[in-house]
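Trainee: There's a structure below that I have some questions on.
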Amino acid sequence: EDQVTQSPEALRLQEGESSSLNCSYTVSGLRGLFWYRQDPGKGPEFLFTLYSAGEEKEKERLKATLTKKESFLHITAPKPEDSATYLCAVRYNSNSNSGYALNFGKGTSLLVTP
Amino acid sequence: DTGVSQDPRHKITKRGQNVTFRCDPISEHNRLYWYRQTLGQGPEFLTYFQNEAQLEKSRLLSDRFSAERPKGSFSTLEIQRTEQGDSAMYLCASSFSFEPQHFGDGTRLSIL
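Chains A and B are the protein sequences, given in the same order. Numbering-wise (the numbering used here), the first sequence opens with residue 35 and increments by one. Numbering-wise (the numbering used here), the second sequence opens with residue -9 and increments by one.
Following this line, the structure appears as structure tokens:
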């Protein structure tokens, strides 16, 4: 059973067309929710960490929010250079998980066309 | 800017051969992680070091895989008797304590 589910799998936007990416999680004992950006052939690049429901973080055209069950990555007036795969990951404590590893979703592939 | 460095970037080998990858973390980071990523999937955790101690291994890390971090600096990941299913991108990340993990650009392994 997937613990982190991202939707949509792929998203195509026109330049300037705002939208949101979703990350839902089923783990308890959340120790942090992370957003990364990954360009083809590259490693994930850290964007945000969120720790508690109601928390928000912003960076340029990106804004991340967190509730008790999901996180949203809002993209305002995107540009073609925002095209990438956006990955969500959680870190959590449980009887079978030490809380060190990141558990990733499959990502949302975003394409922004001029 | 000295980020996480991985070598080689690409490795092509025949099935049954052994391969070794190297990761140089950000210098002040005490924690080092290895992940594996296949096409269309997010990275999957393999193992974790705090300084030189290997503290956690995923069930994905079969007996053919071994990782070391001598002296708590660089790390190596070795795969023995490679199989087709080992083809993937192997990513290394580092962090200071529970701060966010920063990733290298990975080693892409292709098994012929």
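Ideal Cβ positions, reconstructed from N, Cα and C, are used throughout, including at glycine. Note that the structure is predicted; figures quoted are calculated from it, not measured.
1) Which residues does DSSP pair with A:TYR59 in a beta bridge?
2) Going by beta carbon distance, what residues of the same chain come within less than 7 Å of A:VAL146, once the five residues before and after it are set aside?
3) Can you tell me which residues form a DSSP beta bridge with A:GLN48?
4) Measure the CB-CB distance between B:GLY94 and A:GLY77 and report whether it falls below 7 Å.
5) Would you grab the beta carbon distance between B:ARG5 and B:LEU102 for me? Rounded to a whole angstrom, and I think it's under 8 Å.
6) Show which residues of chain B have a CB atom less than 8 Å away from the CB atom of A:GLY139.
7) Rounded to a whole number of angstroms, what is the C-alpha to C-alpha distance between A:THR119 and A:GLU43?
8) For B:HIS92, write down the residues that DSSP places opposite it in a beta bridge.
9) Just grab the DSSP bridge partners of A:GLY66 for me.
10) Over the uninterrupted beta strand (DSSP E) stretch that includes B:TYR38, give me the two end residues.
11) Below 7 Å on C-beta distance, what does A:GLY77 contact in chain B?
12) Look at the Cβ atom of B:ARG12, then the Cβ atom of B:THR66, and state whether they are nearer than 7 Å.
13) According to the neighbour-count rule (16 or more other Cβ atoms, all chains shown, within 10 Å of its Cβ), is B:ALA43 buried or exposed?
14) For a test of the three-state rule: what should DSSP assign to B:LYS61, helix, strand or coil?
Mentor: This is what the structure holds:
1) A:VAL38
2) LEU47, GLU49, PRO112, LYS113, PRO114, ASP116, SER117
3) A:THR147
4) yes
5) 7 Å
6) GLY32
7) Each residue's Cα considered, the two are about 9 Å apart.
8) Partner(s): B:SER84.
9) A:ARG125
10) Unbroken beta strand (DSSP E) run through B:TYR38: 34 to 40.
11) LEU81, PHE93, GLY94, ASP95, GLY96
12) yes
13) With fewer than 16 other Cβ atoms from the protein chains shown falling within 10 Å of its own Cβ, B:ALA43 counts as exposed.
14) Looking at B:LYS61 - three-state DSSP - the assignment turns out to be helix.
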